[in-house]
Amino acid sequence: MERRSRGDSQNVYHYYYMWEKLKKLEKEYEELLAKMSDPAVIGNQNAARTCGKRKREIEAAVMLFRDLQQSKKHAQEAEDLLKSSDSELREMAQEEFIKAKHDIKEIEEKLRIELLPKDPDDQKDCIMEIRAGAGGEEAALFVSEMSRMYMRYGE
1 MERRSRGDSQ NVYHYYYMWE KLKKLEKEYE ELLAKMSDPA VIGNQNAART CGKRKREIEA
61 AVMLFRDLQQ SKKHAQEAED LLKSSDSELR EMAQEEFIKA KHDIKEIEEK LRIELLPKDP
121 DDQKDCIMEI RAGAGGEEAA LFVSEMSRMY MRYGE
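Numbering (this note's numbering), first residue to last: 1 to 155.
Below, the structure written as structure tokens:
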């Protein structure tokens, strides 16, 4: 009987939690698509804007989730083909299986990042004015460095 460490059970819990959250997001995404095609919502600019904004927020996660499901399906099909008696088919299936597993890991990592809570201030704009004070050329150089620093930080 295989014993699992505490870390394994936590990983299974986190994976289950992530999967359930993604299912809910996919359902919400489908509901938003249906709602956005409703004539009542199309006629109401505020409702359409709200639906469109939420759709954009969750769309990347939903698309990654669908890619994950597809990659899992490919991995399962390749695993089934590994049981074949044809050596050439098994070799191709092995390559497909490895590729699918690699894709799954990449997508899961992207999903973890995508599911991190978003800062509500991320979408807000900022206007900053930096002026050179007394100090002549040295102050102007400092201001240009500060300006470049904040521009790069904003990107």
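Note that the Cβ used here is the ideal one computed from N, Cα and C, for glycine as well.
With residue i and residue j assumed to form a contact (beta carbons below 8 Å), what rounded beta-carbon distance in angstroms separates them?
i: lysine 21; j: leucine 115; result: 7 Å
Determine the direct distance from the alpha carbon of residue j to that of residue i, and round the result to whole angstroms.
i: lysine 105; j: glycine 136; result: 55 Å
i: tyrosine 150; j: proline 117; result: 24 Å
i: alanine 139; j: arginine 148; result: 14 Å
i: asparagine 44; j: aspartate 38; result: 10 Å
i: alanine 132; j: valine 143; result: 6 Å
i: isoleucine 42; j: glutamate 30; result: 16 Å
i: histidine 102; j: glutamate 95; result: 11 Å
i: lysine 159; j: tyrosine 15; result: Any question about residue 159 goes unanswered here, given that the chain covers just 1 to 155.
i: isoleucine 98; j: leucine 81; result: 13 Å
i: alanine 40; j: arginine 49; result: 13 Å
Enumerate in chain order the residues of its own chain whose CB-to-CB distance from residue i is below 6 Å, with the five nearest sequence positions on each side excluded.
i: alanine 60; result: Glu114
i: tyrosine 153; result: none
i: methionine 146; result: Ile130
i: leucine 25; result: Ile58, Ala61, Val62
i: leucine 68; result: Ile107
Please decide whether residue i counts as near chain B, where near means a Cβ-Cβ distance under 8 Å.
i: alanine 60; result: Here chain B cannot be found, since the structure has a single protein chain.
For residue i, I'd like the list of residues in its chain whose CB is within less than 8 Å of its CB, leaving aside the five on either flank, ordered along the chain.
i: leucine 64; result: Ile107, Lys110, Leu111, Glu114
i: methionine 128; result: Tyr150
Which same chain residues, not among the five before or five after residue i, have their C-beta less than 7 Å away from its C-beta?
i: lysine 100; result: In the sequence as displayed, the identity of residue 100 is alanine instead of lysine. Around alanine 100: Ser71, His74, Ala75, Ala78.
Item to check | Those runs of the alpha helix (DSSP H) which lie wholly inside the region 108-148 and span at least 4 residues | outcome: none
Checklist entry - So does the region 28-36 actually touch the region 117-128, counting three or more Cβ pairs closer than 8 Å? => result no
Checklist entry - Any chance the region 51-68 sits against the region 85-102, with 3 or more Cβ pairs inside 8 Å? => result no
Checklist entry - Where are the alpha helix (DSSP H) runs, 4 residues long or more, that stay fully inside the region 27-72, in chain order? => result 39-43
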